[in-house]
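J.:
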Amino acid sequence: MKLIIDDADIEAIRRMAAYYPVDGVTTNPTILSRTGRKPYEVLKEIRDFLGDEQELHVQVTAADAEGMLKDADRIRKELGPQTFVKVPVTREGLKAIRLLSERGVSVTATCIYTRMQAFLAGKAGAVYAAPYVNRIDNLGGDGLQTVRDIHDIYRKNDIPCRVLAASFKNSNQIQELVKYGIGAVTAPPAVIEGLIGNALVDMAVADFARDFEKIAGSGITMAEA
Ligand code: G3P
């Protein structure tokens, strides 16, 4: 399962990439707006940092299919043809997903709240489908079960689309999906850091260091003992 950073803050992305085995970055218009900067200026910095191998997902903002195609052309021209173009699964979006996929563009179908949006986006040729876990929960639905169902729908219908689950508020939501083996999750830095934050682990490591110093001396590690 791929682990992706859902953020456009280049410093946060650098920090996360230094410590965590991440596979790329997703953005959306709201995330970009939080930087307060010009969109392509920010996105080019992220692309330069990621290189060509790691995934970068960038969302179209036009409302109609024709405009989405133009947005996709600009996104790929500025950020490279390997860039995943995120398209919301509206009626116009579905049309754009099919046309872009036919042209060989890697599409991430996004803004998914229902299983049927995901099914149709997969059939239209999307590489990834992004259901919004926390937002589905907030509507009284079951975000995690929706993700599991979408994963199963693709497998049972031979649709080669992978789930890229999004909208997380806690690390347990991610843990549940790791257990299920979905394609990818994208989460904000704080949620990814929550995957490993544990005061008991910190205490155990401090105990080991203190005990070792009893035989090796204060501040001494295995390198100097
Ligand atoms: O990138 C889309 C998704 O992650 C939205 O998350 O936190 O705004 O529900 P959120």
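Residue 187 is where the sequence shown starts when you use the working numbering, and the numbers rise one by one after that.
Just so you know, even glycine gets a beta-carbon here, dropped at the ideal spot from N, CA and C.
For clarity, every value in this text was computed on a predicted model and none was experimentally measured.
Check whether the Cβ of S353 sits closer than 8 Å to any heavy atom of ligand 1, and report yes or no.
T.: Yes.
J.: Looking at the structure shown, is I190 part of a helix, part of a strand, or coil, going by DSSP?
T.: In this structure, I190 counts as strand in the three-state DSSP scheme.
J.: Grouping DSSP H, G and I as helix and E and B as strand, with all else coil, what is A315?
T.: Three-state result, A315: strand.
J.: Determine the DSSP secondary structure at A411, reduced to helix, strand or coil.
T.: Reduced to three states, the DSSP call for A411 is coil.
J.: Just confirm the distance between the C-beta atoms of A251 and L218, as a whole number of angstroms; I'd bet it's less than 8 Å.
T.: Contact doesn't hold; Cβ gap of about 22 Å is too wide.
J.: Between the stretch 293-309 and the stretch 356-370, do at least 3 Cβ pairs fall closer than 8 Å?
T.: In short, these stretches do not touch, since the Cβ pair count stays below three.
J.: Is it the case that the CB of D192 approaches a heavy atom of ligand 1 more closely than 8 Å?
T.: Under cutoff, so the answer is yes.
J.: If you run the structure through DSSP and keep just helix, strand and coil, what is Q359?
T.: Reduced to three states, the DSSP call for Q359 is helix.
J.: Is A392 near ligand 1, going by C-beta to nearest heavy atom under 8 Å?
T.: No, the beta carbon of A392 sits no closer than 8 Å to any heavy atom of ligand 1.
J.: Considering L242, what are the terminal residues of the beta strand (DSSP E) in which it resides?
T.: Its beta strand (DSSP E) spans residues E241 to Q245.
J.: Using alpha carbons as the reference points, say which of L229, V291, K281 and E241 lies closest to D259.
T.: Comparing Cα-Cα distances from D259 to each of L229, V291, K281 and E241, the minimum goes to V291.
J.: Would you call Y314 buried or exposed, if buried means 16 or more other Cβ atoms sit within 10 Å of its Cβ?
T.: When all chains shown are included, Y314 counts as buried.
J.: Taking 8 Å as the cut-off, is the beta-carbon of I401 closer than that to any non-hydrogen atom of ligand 1?
T.: Not so, every heavy atom of ligand 1 lies at least 8 Å from the Cβ.
J.: Counting C-beta neighbours from all protein chains within 10 Å, is the total for F394 16 or more, i.e. buried, or is it exposed?
T.: Exposed, by the Cβ-count rule.
J.: Measuring straight from C-alpha to C-alpha, what distance separates G329 and L363?
T.: Those two C-alpha atoms are separated by around 11 Å.
J.: Compute every distance between the C-beta of A316 and the non-hydrogen atoms of ligand 1, then say whether any falls below 8 Å.
T.: Because some heavy atom of ligand 1 lies under 8 Å away, the Cβ of A316 counts as near it: yes.
J.: Counting along the chain, where does the alpha helix (DSSP H) carrying L306 start and finish?
T.: Per DSSP, L306 belongs to the alpha helix (DSSP H) from R301 to K309.
J.: For I196, which residues in the same chain have their Cβ closer than 8 Å to its Cβ, ignoring the five residues on either side in sequence?
T.: The answer, listed in chain order, is V228, E231, I232 and F235.
J.: Just mark Y318 as buried or exposed, buried being the case when its beta carbon has 16 or more other beta carbons within 10 Å.
T.: So Y318 counts as buried.
J.: Using DSSP with H/G/I as helix, E/B as strand and the rest coil, what is F235?
T.: F235: helix per DSSP, three-state reduction.
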